[in-house]
Amino acid sequence: MSAVLIALMVLPFAAAVASAAAPMRVAKVLTVAGGLSTFGLSISLLESKGDAAALAGWLRVDPLSLVFLLAVAFLYVTTAIFAVGYAQPRSSERETRHYSRRFFAGLNLFAWAMVMAPVVNGFTLLWVAIEVTTVVSALLVATDDTDGAVEAAWKYVLIASMGLGVALLATLVMYYAGTASLGGSYELFYPRLLAAAGHFNPEVVRLAFGLAVVGFGTKMGLVPVHTWLPDAHSEAPTPVSALLSGALLTVSFYGILRFYQVTTRAVGPAYPRSVLLVFGIASLALAALYLARQRDLKRLLAYSSIEHMGILAIGMSFSAPIAVVGVLLQVLAHAAAKSTAFFGAGSVIAKFGTKELERVRGGIGALPWSGPMFLLSVLALSAMPPFGIFRSEFLIVEGGLGSSATALVAVLLLLVTIAFLGLSWYASQTMLTPLPSGVVRGEVSTTMALSMGLGLAALVLLGIHPPAQLSELLTRAAGELRGAR
Amino acid sequence: MESLLAAVTAPSAVTDAAETVAILVLLSEFAMLRSALSRSQVNLYAFQSLAVAALAFIVAAERHVNDLFVLGSLSLLLKVVIVPAILSRVLREAPDDVAGSHRLGVASMVMSAIVLSGFGIFVIGTMPIHSKLLPVLALAIAAAVILVAFLLVIVRSDVVSQAIGFFSLENGVSLAGYVLAAGLPLIAEVAFLFDLLVAVVVFGVLMRVHHGRSASLSTRALEKLRG
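In order, the protein sequences belong to chains H and D.
Counted from 1, the first sequence has number 234 at position 192 by this note's numbering; the numbering is strictly sequential.
Counted from 1, the second sequence has number 184 at position 157 by this note's numbering; the numbering is strictly sequential.
Structure (structure tokens):
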């Protein structure tokens, strides 16, 4: 399996380099090939039950990291397919070449960095991988070169980099926590830290965890350090929005979970759960309120992402094991649902030429395939059956009730209901209204619709009957996370 | 490794140096916050980076950690030469220097910085993390530097000052790193520096794009996206 990990490290990067030199048509093929091979390799890791290592332990996959790798790899392939229809030639040959080089090389590089984050072993390289995602995606956000895109890119790179500065401090503090038992110079590999965590100074570990939640939480979109997120998601090209929302946020959550693992072993689970609960409630509450009043289609979806990140954080605060399984399932389901919704939004924007919710009407009539699928993706985001988020949130709620956190579950359900009302109101207003005259009925692109179909199929699979290997993986990953004393 | 541990247990020279450098770094952070001209901020940043790099050399010499000589040299090159050069180039291309882009009055700004610094020093100083291995005062001052860097980004409304705010935050983190994790393997430290270099390039690109679109380095044109 070590060859698989090395291939995961090489192939998306090779696709990025080759895309930078290739014409647009070839770059599209390379990107899809990069996505398919990454997804295939990730699936093959299920055979090893999620345990593999390479390069003297610098690359390592365990059940927890494989869950996140699968989410990223699935999004890589669906986004690549969507991008085939999305990226169109510009007014001149030279502009097309410039745009293609920047867009496809950047997209592959972004995916590569997100693949590397769960594949690398240790806090140091994890931080580096997540920082690389920031710098690459900031340039991608600015691709359209509009005033809004430049503003969003600047806010994003500034706020996320400062957040990651705090995350770097968290990494250094965690390193210091280990020096007493691991020596003055050691590698921050996860297994080594987890084995020794019981001997760490609890106060130092608490400090490291708090800093990590603020630092990585900035990239995850936790309130109050979320302010870059709606701007970047709304102004980025749609494939980038999908990757930002569906994969990048959860990769940052993965960073927090790695700190959570060490912290629970060092100081017990109560402290990290409390910290995550505070950020989770704040995120869910603010997102629910913003979802109730929105003007911009992509900002609506961006706040839905903040809502989901809040639910993930709240889910981790419950003590029942089933809640953690729900959280990990939500990572996968969120990736599929949010990317599908963004792909739908991309088709709607291309068809109507606007992101303003008030100006989009009759979406289902205008887009015979993408319209209904967009509506279904919004229902999936709202945790309606039979989609994966229904199952994951059901598990989280069940876990909350099993943890005797009834009042908290009531608050969670209330806020999720507010978010559902906001999402479904705007979705019905834009999709289920009569088609205005002058709008031609028809799909923008077959591949754009195809990528949505893949996302919905995955959501149904996760909702109705997740494959046995995947269920086992989730259970093992949840067990790893809960391996507290 | 043994020499490292031996030196760590007898850290008086390192502690003194760390605390002196930490105070210099914090004072330069205050000066950056106060400075009206972006060009002065760039010079102050170069000075601050020089102080942090000097700490790397002192720790390397005192604790016999040869890796830190390499790291200090790279840090010197990147933060004292390359980053200021990139920022100076952006400023040269701007038709007029951004002066007085403060959102707060000087008195309010400095008072806020003092309160934040006090908070940072107090919080870290009172945490039960004292150990003979750790110069806690230097770490507490590093926390203060980071908090003031956040304030700098918030109260200045031009892209150069905001970028300098981020870079100086990174100096605060580096300072904490030399205090907390002098033995961190070189590969990790170099990876951090390489990442900073990439971030600097991206900041530079975005600053130039912004200037190209709005003919200004002010962030007033970057306040349209809301809600």
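Backbone N, C-alpha and C fix where the C-beta goes; we use that ideal spot for every residue, glycine too.
**Study point:** Whole-angstrom C-beta distance between isoleucine 348 (chain H) and isoleucine 438 (chain H), which should lie under 8 Å
**Key:** Going by Cβ atoms, the distance from isoleucine 438 (chain H) to isoleucine 348 (chain H) rounds to 16 Å, so no, they are not a contact pair.
Practice item. Starting from the beta carbon of arginine 337 (chain H), find every residue of chain D whose beta carbon is closer than 8 Å, and list them in chain order. Key: Gly254
Check your understanding: Counting pairs of beta carbons, one from the region 131-138 of chain H and one from the region 262-270 of chain H, are three or more of them closer than 8 Å?
Key -> no
Check your understanding: Where does alanine 63 (chain H) sit, in a helix, a strand or coil, going by DSSP?
Key -> helix
Review point. Considering only residues of the same chain and omitting the five flanking positions on each side of valine 402 (chain H), which have a CB-CB separation below 7 Å?
Key: Leu339, Val390, Phe394, Thr396, Thr472
**Study point:** Whether alanine 379 (chain H) touches serine 419 (chain H) by CB criterion (7 Å)
**Key:** yes
Review point. Do you know how far the Cα of serine 144 (chain D) is from the Cα of valine 137 (chain D)?
Key: 10 Å
Review point. Is it true that the CB of alanine 169 (chain D) sits closer than 7 Å to the CB of alanine 140 (chain D)?
Key: no
Point to revise | alanine 37 (chain D) (DSSP reduced to helix, strand or coil) | key: Confidence at alanine 37 (chain D) is low in this model, with a pLDDT of 44, below 50, so its placement is unreliable and no value can be given for it.
Point to revise | alanine 96 (chain H), enclosing beta strand (DSSP E) - first and last residue | key: 94-96
Check your understanding: Looking at the structure shown, is valine 92 (chain D) part of a helix, part of a strand, or coil, going by DSSP?
Key -> coil
Check your understanding: Can glycine 386 (chain H) and leucine 504 (chain H) be called in contact, C-beta distance under 7 Å?
Key -> no
Point to revise | Of the listed residues H:Val369, H:Leu271, H:Gly225, nearest to tyrosine 296 (chain H) (C-alpha basis) | key: H:Val369
Point to revise | CA-to-CA distance, threonine 260 (chain H) to alanine 237 (chain H), given in whole angstroms | key: 28 Å
Point to revise | Beta-carbon proximity list for leucine 106 (chain H), same chain, < 6 Å, skipping 5 on both sides | key: Ala519, Glu522
Exercise for review: Can you tell me the Cβ-Cβ gap for phenylalanine 81 (chain H) and alanine 115 (chain H), rounded? I've got them flagged as a contact below 8 Å.
Suggested key: 4 Å
Check your understanding: Identify the residues that DSSP records as bridge partners of serine 245 (chain D): which are they?
Key -> D:Asp185
Practice item. Determine the chain D residues that contact aspartate 273 (chain H) at a beta-carbon separation under 7 Å, and present them in chain order. Key: Leu252
Practice item. Output, in sequence order along the chain, the residues in the region 227-252 of chain H whose CB is closer than 8 Å to any CB in chain D. Key: Ser227, Tyr228, Glu229, Leu230, Asn243, Glu245, Val246, Leu249
Review point. Exposed or buried, glycine 20 (chain H), counting other C-beta atoms within 10 Å across all chains shown (16 or more means buried)?
Key: Limits of chain H in this structure are 43 at one end and 527 at the other, which puts residue 20 (chain H) out of reach.
**Study point:** Closer than 7 Å to chain H by CB, glutamate 89 (chain D)
**Key:** no
Exercise for review: Express the C-alpha separation of phenylalanine 145 (chain H) and alanine 184 (chain H) in angstroms, rounding to a whole number.
Suggested key: 10 Å
Review point. Excluding sequence positions up to five away, which residues of its chain have a Cβ less than 7 Å from the Cβ of phenylalanine 194 (chain D)?
Key: Tyr72, Val110
Point to revise | Rounded separation between threonine 488 (chain H) and proline 410 (chain H) - CA only | key: 11 Å
Review point. Relative to the alpha-carbon of proline 279 (chain H), which residue among H:Ala499, H:Val192, H:Thr448, H:Leu101 has its alpha-carbon at the smallest distance?
Key: H:Val192
Review point. Between which two residues does the beta strand (DSSP E) containing leucine 328 (chain H) stretch?
Key: From DSSP, leucine 328 (chain H) is part of no beta strand (DSSP E) but of the alpha helix (DSSP H) over 312-333.
Point to revise | Reference valine 232 (chain D), options D:Val186, D:Phe146, D:Asp94, D:Arg90, closest by Cα | key: D:Val186
Check your understanding: Alpha carbon to alpha carbon, how far is glycine 495 (chain H) from glycine 226 (chain H)?
Key -> 53 Å
**Study point:** DSSP bridge partner residues for leucine 101 (chain H) (one or two, in chain order)
**Key:** H:Ala96, H:Val162
Point to revise | Those runs of the alpha helix (DSSP H) which lie wholly inside the region 92-118 of chain D and span at least 4 residues | key: 93-102
**Study point:** Per-residue DSSP class, three states only, for histidine 140 (chain H)
**Key:** helix
Point to revise | Beta-carbon neighbours of phenylalanine 193 (chain D), restricted to chain H and to distances below 8 Å | key: Leu200, Ser203, Met204, Gly207
Check your understanding: What do you reckon, are the CB atoms on phenylalanine 158 (chain H) and methionine 262 (chain H) nearer than 7 Å?
Key -> Contrary to the premise, residue 158 (chain H) reads as methionine rather than phenylalanine in this sequence. Cβ distance not < 7 Å, so methionine 158 (chain H) and methionine 262 (chain H) don't count as in contact.
Point to revise | Neighbour flag for alanine 219 (chain H) against chain D, beta carbons, 7 Å | key: no
Practice item. Over the uninterrupted alpha helix (DSSP H) stretch that includes histidine 241 (chain H), give me the two end residues. Key: First-last for histidine 241 (chain H): undefined, no H or E at that position.
Check your understanding: Under a CB-based cut-off of 7 Å, is glycine 210 (chain D) close to chain H?
Key -> yes
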